[in-house]
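Engineer: Start counting the sequence shown at 13; every next residue gets the next number (our numbering).
For glycine and all other residues, C-beta sits at the position ideal for the given N, C-alpha and C.
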Amino acid sequence: MKKTVLFTVGLICSIAISSCGTKSNTDIANKHKTACLEDEIIHAIYGDKTDEYCNCIFEKISNISEKETLTEEKIKEITQTCADKYTSLDTDF
Numbered sequence: 013m014k015k016t017v018l019f020t021v022g023l024i025c026s027i028a029i030s031s032c033g034t035k036s037n038t039d040i041a042n043k044h045k046t047a048c049l050e051d052e053i054i055h056a057i058y059g060d061k062t063d064e065y066c067n068c069i070f071e072k073i074s075n076i077s078e079k080e081t082l083t084e085e086k087i088k089e090i091t092q093t094c095a096d097k098y099t100s101l102d103t104d105f
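Pasting the structure below:
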């Protein structure tokens with residue numbers, strides 16, 4: 013499961029970073045959200061919270077100042093923040 017999440021995060025980061033060039037953060041956020049919503053692995057992980065998770069990422073990327081450089085590290089940080097918010101681990105084994 014952890015490898016799947018990391019792969020998905022990497023895939024989303026790659027999509028976002030490859031679109032950085034001259035696009036605004038809102039444009040990047042829209043691409044990122046679209047990729048997120050279309051990802052079957054994300055749907056499997058977040059289930060009925062997929063829309064909320066993808067919206068979280070969209071909002072956080074959109075809210076980054078245009079003066080701030082949107083790096084792969086920043087995208088991973090945003091993705092992890094949203095993952096932490098919408099993922100609950102069942103520890104009752």
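Around the Cβ of residue 56, are there at least 16 other Cβ atoms within 10 angstroms (buried) or fewer (exposed)?
Structural biologist: Its Cβ having fewer than 16 others within 10 Å, residue 56 is exposed.
Engineer: Ordered along the chain, which non-local residues of its own chain (more than five positions away) have a Cβ less than 7 Å from that of residue 37?
Structural biologist: Hits under 7 Å: 73, 74, 76, 78 and 82.
Engineer: So the alpha helix (DSSP H) residue 61 belongs to, where does it begin and stop?
Structural biologist: Where residue 61 is concerned, there is no enclosing alpha helix (DSSP H), given that its DSSP letter is neither H nor E.
Engineer: With burial defined as no fewer than 16 other Cβ atoms inside 10 Å of the residue's Cβ, what is the status of residue 97: buried or exposed?
Structural biologist: So residue 97 counts as exposed.
Engineer: Could you check whether residue 46 and residue 54 sit closer than 8 Å to each other, using their CB atoms as the reference points?
Structural biologist: No, the Cβ-Cβ distance between residue 54 and residue 46 is not below 8 Å.
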